Every structure is written in structure tokens, then in C-alpha cells.
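For what it's worth, the working numbering labels the leading residue of the sequence shown as 743, then goes sequentially. Note that CB positions come from ideal geometry on N, CA and C, so glycine has one too. From a predicted model like this one, the values you see are computed outputs, not experimental measurements. These notes are about the structure you will find just below.
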Amino acid sequence: MLTPEGRLTYESDMLTLYKGIPDVVVLPTSTAEVQAVVRICREARVPVVPRGSGTGLIGGATAPLGGVMVSLTRMTEILELDLVNRCATVQPGLINLWLTNAVRERGWFFAPDPSSQMVSSIGGNVATNAGGPHCLKYGITTNHVLGLEIVTGTGDVVSVGGKAADRPGYDLTGTMVGNEGTFGLVTAITVRLLHLPEAVKTALASFASLVEASEAVSAIIAAGIIPAALEMLDDAMIGAINAAVGKVYPDGAGAVLLIELDGPLAEVEAQAERVAAICRERNALLVTVARDEAERALLWKGRKEAAGAVGRITAAYLLQDAVVPRSKLPQIMREMVAISKRHNLLFANVFHAGDGNLHPLICYDDRKPGELERAQQANEELLHACIALGGSVSGEHGIGMDKAKNLPLQYADADLNFMFRLRRVFDPDGLMNPAKLLPSHPACGEGFRPSRPTLPAGTWV
743 MLTPEGRLTY
753 ESDMLTLYKG
763 IPDVVVLPTS
773 TAEVQAVVRI
783 CREARVPVVP
793 RGSGTGLIGG
803 ATAPLGGVMV
813 SLTRMTEILE
823 LDLVNRCATV
833 QPGLINLWLT
843 NAVRERGWFF
853 APDPSSQMVS
863 SIGGNVATNA
873 GGPHCLKYGI
883 TTNHVLGLEI
893 VTGTGDVVSV
903 GGKAADRPGY
913 DLTGTMVGNE
923 GTFGLVTAIT
933 VRLLHLPEAV
943 KTALASFASL
953 VEASEAVSAI
963 IAAGIIPAAL
973 EMLDDAMIGA
983 INAAVGKVYP
993 DGAGAVLLIE
1003 LDGPLAEVEA
1013 QAERVAAICR
1023 ERNALLVTVA
1033 RDEAERALLW
1043 KGRKEAAGAV
1053 GRITAAYLLQ
1063 DAVVPRSKLP
1073 QIMREMVAIS
1083 KRHNLLFANV
1093 FHAGDGNLHP
1103 LICYDDRKPG
1113 ELERAQQANE
1123 ELLHACIALG
1133 GSVSGEHGIG
1143 MDKAKNLPLQ
1153 YADADLNFMF
1163 RLRRVFDPDG
1173 LMNPAKLLPS
1183 HPACGEGFRP
1193 SRPTLPAGTW
1203 V
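Have a look at this one:
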């Protein structure tokens, strides 16, 4: 039996604004067990909700309609390491960083590195097509997935892609990545592994304002330099991190750029000099380079722990994930400042500046009347501003429950209808992670939602 208290563990992901408690939780350890669960649920017309580590930020791993939650946290095996073919096959519950740890001493790494990589699962990364600081140079999750095994909403086990390059037929692997569990449950993943670079240099440049730092970002990319990572943090986030982690970043800066270059040693040395010069030309207050691995690790520790550190300056926050073309960064930064002042709310910024993927944390205190509503309004205004500049509603977190209503800002009815019909190919009964990804919209089969099932609460399967 799973107690009501125990089921509360699964009521939300890291975005606690959205909640939904499952009626039943199962923890399979094999593809066969996952398939059996899906087939039982389809016969009973019961929703199926996949869940990894629960580190998502879109309400995607919640059960708003109840049903059966399939937690894949016990499927953590590395099924095969094939370094000759530069790949590995893993189960979906394997923690992202564990894969790199398993191959690092042999000179390899797994490139996708969301900031939650210490705790997020590779299956969850695949479901949301996660990015990360180093996706600027190395690409997002879909660029590193070679093949998948998936139990579809029909209860069939389907294998797509594989180790061989340029496979004939449709690119179903690309279709599966980022579907947020609406097609089915991924049970095995073949991923690409890369050689560790010969040299790595990590620099920190501080600026008086977000706008000046944004202009430096555009200048670096315009110079033909693609850093491995190019991250930006503002003064609010700098203060929170320094208080939580220790003195990591310089006080008194309006913004800092965390810039990492990697590759052949001679190339990295030349690029580091050019990047430093560009930052100084854009009025950088200070440019420093980590002297050793310990200093580099500290700079990244601050960045990776930013989301937790912000708890020192706010009771709660909404986290935006919209994208703008990087050339529009200075413009959206000005608009963000205006929105913040208009709603009298603090925005704490930490984001992937190199590819224009914003991550402002809109701070509020829900104990104060009206603050949550003001934060939600500010969030919507910022999202609309990003779309107006040619951006996207999400850069890496996905859609889930949080942004489904916003998809019509970006897609025409015909586009939404095509997505809906594709979804029904894999999930004809609409049971796989319902009420997620696609909006409630005439083009997406309004009313095509399973009703909440009647199940014995607290049952453990």
C-alpha cells in the first residue's frame, strides 16, 4: 500500500505551482513491466503519467487527472558501453552525470548538461529535449540521442534509430525526443559519447549592466567564436550565490559572463585572448581566467546551484524559459527591466546567454495579497515580448502544463492540429500524460481528455 502521505511525494515537480496526485504509483525495473502497466491502463482507460527524478519545471510529471504514475527511478542501468562506436545504451532513470562519471577516466563524456545534471535523469532529459550551459557548442539532447526504445500508448514496444548513421525512413528518433511522455514511455536510450577536449579555459567577465553584458555576448558570437558555454548572471543572482556558496563572483557588478572555451590548446589560447579583448571593448569592469581546475569548478558550482541559492532572496518564484535571437538580447534585457519596474517585482537572472535562452526568476511572496497574480502577469508580458522579437516559448524546459496555453502564440491552427494528429498515432486513446504539451484548443481536439478514473486510493502496484 502507498499511503496518502507517500503519494504526496509525487504531486508536483520542481515547479510547485502545478499539483496533481496520482491514484497509483508503480516503479518498474524492465521494459516488460512498463509494457504490462501501459496495457492494463489502456484496457481500463486510465491515464499514464511518466516520471523521472521530478526535476522538471513545467508541471509535466504531475497527475492532474489522477491515474497511474510510472516512476522510472529504478531503471538506472548502463546497458552497454560501446566506445568503439562512441555510444552507450542506458535505462531512462540513469542520472545524467553518472554517465559522464562512468566514462571520464577513459577520456569520454556525455555532452548534454542541464544545471540539474547531478540529479536529473537522462529519460527526463529526452522527454523535454533538455539543454544546458554547454548546448551552445555541443547541441541539445536531441543532437546526442541515436536511438530509443519506447512503449507507446498502444502498449507496443517500438525501437527507433540506432548506432548506424543515416538510417533510411522517417526520423522517428527526432520525433520521439521532446514529446514529454505524450507518445509513450522511453525504456532505453542509445546516446552519443564525445572525447574530452584537449584544453579548457573558463573566464569571468563583469559588467556594470545586463545590457552591456548582452552586447558583449552578441559581439563574441559575431566574431565567429562559439564558446562551449556562455552564461550570464545579474546582480541579484550574484548576491544570492555568494551568500549561499561563498564568494564566487565579484561584488558590485551589474552582471557577469561565465565564458568557457574548449578544444585544441592553441585554438583555445587564441580564442581566450580574443574574447577578453571583446569584453574589454564592451566596457567590461574586469576579466579573469580560472587558474586551475579548483577555480573553474568553483565558478561552475555557483552557476549550477543558482536555482537553490535564490531561496535566500525570495519566498517563491516563477521561472521563465523563453528564447530570443541572441542579437535581440540587449533589447529584451531593457524590456525585462521595464516589466520588473512596472510590476514592482525583483527579477533574478541566470541564463544561457549564448543562445538567447532566458531564465529570469520572477520573485514574489505568495503570502502577500496580489503578488502571485502580479508575477504571473509579468511572466506573460515577458513571454509575449520574446515572441514579438522572433523568439520561442521555451528553450529547454519544455511545455508541460505551464506553457501549453501559450503555444498558439507561436503556432498556427494547422500546425497545432498536425501535432495533435501525430500524437494520436502513438496514443490513440489520449491516455499518455494527458493535459500536457498541447493546449486546450479546437485544433487540438478540445474535449479529447480522459476523465479522472475511479481507482482505490492508496493502492500500490
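Can you tell me the Cα-Cα spacing of residue i and residue j, whole angstroms?
i, j, result
"G1053", "A982", "8 Å"
"H1094", "I782", "42 Å"
"T1030", "H1183", "51 Å"
"A995", "M918", "43 Å"
"Q1062", "T804", "19 Å"
"L807", "K1178", "11 Å"
"P1150", "P1181", "8 Å"
"T818", "T771", "9 Å"
"K905", "Q1118", "44 Å"
"P1067", "G881", "16 Å"
"D993", "S1069", "27 Å"
"L1197", "G762", "Note that L1197 scores a pLDDT of 46, beneath 50, so its modelled location is shaky and nothing firm can be said."
"N871", "H1139", "8 Å"
"S1082", "L1088", "6 Å"
"A1018", "I1001", "10 Å"
"D1108", "V887", "40 Å"
With distances taken Cα to Cα, identify the nearest neighbour of residue i among the options.
i, options, result
"N984", "G1044, F925, I892, L972", "G1044"
"L1208", "L836, R787, F949", "Residue 1208 is absent from the structure shown; the chain starts at 743 and stops at 1203."
"L1040", "F925, G988, L972", "G988"
"E747", "P764, D755, Q1013, L1007", "P764"
"A1120", "G1050, A945, D1004, Y1106", "Y1106"
"Q833", "I892, S951, G1187", "I892"
"D977", "L1164, L1000, R1084, S951", "S951"
"G1112", "N1086, P1102, A1127, E973", "N1086"
"S795", "N1148, V887, S862", "S862"
"A1036", "V928, V990, P1006, T842", "V990"
Beta-carbon within less than 7 Å of residue i's beta-carbon, same chain only, minus the 5 sequence neighbours each way: which residues are those?
i, result
"K1204", "No answer is possible for residue 1204: the residues shown for the chain start at 743 and end at 1203."
"S858", "T797"
"R689", "Given that the chain is displayed from residue 743 to residue 1203, the structure contains no residue 689 and the question cannot be resolved."
"S1193", "A caution first: S1193 carries a pLDDT of 46, below 50, which makes its placement in the model unreliable, though a value can still be read off. Hits under 7 Å: none found."
"A1032", "T944, R1038, L1041"
"T924", "R1165, D1169, M1174, N1175, K1178, L1179"
"R1024", "E954, E957, A958, A961"
Using the three-state DSSP reduction, which class does residue i fall into: helix, strand or coil?
i, result
"Y760", "coil"
"T842", "helix"
"M817", "coil"
"F1168", "helix"
"P1150", "helix"
"S754", "coil"
"N827", "coil"
"G748", "helix"
"S948", "strand"
"L1007", "helix"
"A1026", "coil"
"D1075", "Just to set this straight, residue 1075 is Met in the shown sequence, not Asp. Helix, per DSSP."
Whose C-beta lies closer than 8 Å to the C-beta of residue i among residues of the same chain, with five residues either side of it excluded?
i, result
"L825", "V845, R848, W850, L935"
"G916", "T884"
"G1050", "A986"
Starting from the C-beta of residue i, find all residues in its chain whose C-beta is less than 6 Å away, skip the five residues before and the five after it, and write them out in chain order.
i, result
"A1185", "D1155, L1158, N1159"
"L823", "A830"
"L759", "none"
"R793", "A803, M811, S813"
"M860", "L839"
"S948", "P992, A995, V998, L1027, L1028"
"E1123", "I1081"
Just to check, is the beta-carbon of residue i closer than 7 Å to a non-hydrogen atom of the ligand GDP?
i, result
"I1141", "Because no ligand of any kind appears in the structure shown, any question about the ligand GDP cannot be addressed here."
State yes or no: is the beta carbon of residue i nearer than 8 Å to at least one beta carbon in chain D?
i, result
"G966", "Here chain D cannot be found, since the structure has a single protein chain."
(message) Suppose only complete runs of 4+ residues qualify. What are the alpha helix (DSSP H) ranges in the region 859–945, listed by chain order?
(response) 864–870, 877–880, 914–918
(request) Let me know the beta strand (DSSP E) ranges lying completely inside the region 763–800, each 3 residues or longer, listed in chain order. (result) 766–768, 790–793
(request) Could I get the ranges of all uninterrupted beta strand (DSSP E) runs contained in the region 1030–1070, with 3 residues as the minimum, in chain order? (result) 1058–1061
(request) Just list the alpha helix (DSSP H) runs in the region 1097–1155, keeping only unbroken ones of 4 residues or longer that don't cross its boundaries, in chain order. (result) 1113–1130
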